[in-house]
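Asker: Pasting a structure here, questions to come.
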Amino acid sequence: MKLGQVQGLAQDRCCLVLAIIREGADRELSAILRFAADCAATASIIRPYLSATKWKPWLVGDISSSRDLEIGGKFNAVHGAYGRSQLNEEQMLEYAGPEWEHR
Numbered sequence: 011m012k013l014g015q016v017q018g019l020a021q022d023r024c025c026l027v028l029a030i031i032r033e034g035a036d037r038e039l040s041a042i043l044r045f046a047a048d049c050a051a052t053a054s055i056i057r058p059y060l061s062a063t064k065w066k067p068w069l070v071g072d073i074s075s076s077r078d079l080e081i082g083g084k085f086n087a088v089h090g091a092y093g094r095s096q097l098n099e100e101q102m103l104e105y106a107g108p109e110w111e112h113r
């Protein structure tokens, strides 16, 4: 086998592995992307942009709760099931309760 053929075979196998991973990932619930907003208007502006990432936006509070999003914070220290680094919607609901609402 020539070097070009070996590289092509390796690339084909890599693409196959990525396709298998994507196939499995597509069946999982979307991971939660936690965020804080200063008011309901800001949250409603930001939410569609966060949704476009294919994550599920989850408002955790106003700016005063941003420390919980930082490294070492309440929401940064928790991990999802099956080795996932983020929670899905069901896990987030169990961990933190319903999504926060501005009053």
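Here this note's numbering is used: position 84 in the sequence shown is 94, and no number is missing along the way.
Ideal placement from N, C-alpha and C gives every residue a C-beta, glycine not left out.
The model shown is predicted, which means the values in this text are computed figures rather than measured ones.
(1) Given that a residue counts as buried once 16 or more other Cβ atoms are within 10 Å of its Cβ, and exposed if not, what is A53?
(2) Any idea if D50 is buried or exposed, counting beta-carbon neighbours within 10 angstroms, 16 or more meaning buried?
(3) Looking only at DSSP bridge pairs, what is L69 linked to?
(4) Compare the C-alpha of E111 against each of D72, Q96 and K84 and name the closest.
(5) So A51 is in the alpha helix (DSSP H); what residue range does that whole segment cover?
(6) With the cut-off set at 8 angstroms, would you say W65 and L43 are in Cβ contact?
(7) Just how far apart, CA to CA, sit A62 and A46?
(8) DSSP has N98 in a bridge; who is on the other side?
(9) Grouping DSSP H, G and I as helix and E and B as strand, with all else coil, what is E104?
(10) Using only CA atoms, which one of L60, P67 and I55 lies nearest to L103?
Answerer: So, to answer that:
(1) Taking the sequence shown and counting its residues from 1, the one referred to as residue 53 is at position 43. Buried, since its Cβ has 16 or more Cβ neighbours within 10 Å.
(2) For this step, residue 50 is matched to residue 40 along the sequence shown. Looking at the sequence provided, one finds Ala at residue 50 rather than Asp. Per the 10 Å Cβ criterion, exposed.
(3) As a working mapping, residue 69 is identified with position 59 in the sequence shown. According to DSSP, L69 bridges with F45.
(4) Against the sequence shown, residue 111 aligns to sequence position 101. Nearest option by C-alpha distance: D72.
(5) The sequence position of residue 51 within the sequence shown is 41, counting from 1. A50 to S61 is the extent of the alpha helix (DSSP H) around A51.
(6) Here residue 65 refers to the residue found at position 55 of the sequence shown. Here residue 43 refers to the residue found at position 33 of the sequence shown. Yes, these two residues count as a Cβ contact at 8 angstroms.
(7) By 1-based counting over the sequence shown, the position of residue 62 is 52. By 1-based counting over the sequence shown, the position of residue 46 is 36. Rounded to the nearest angstrom, the two C-alpha atoms are 17 angstroms apart.
(8) As a position in the sequence shown, residue 98 is number 88, starting the count at 1. Its beta-bridge partners are A41.
(9) In the sequence shown, the residue the question calls residue 104 occupies position 94. It is helical.
(10) On the sequence shown, residue 103 is found 93 positions in, with the first residue counted as 1. Nearest C-alpha to L103: P67.
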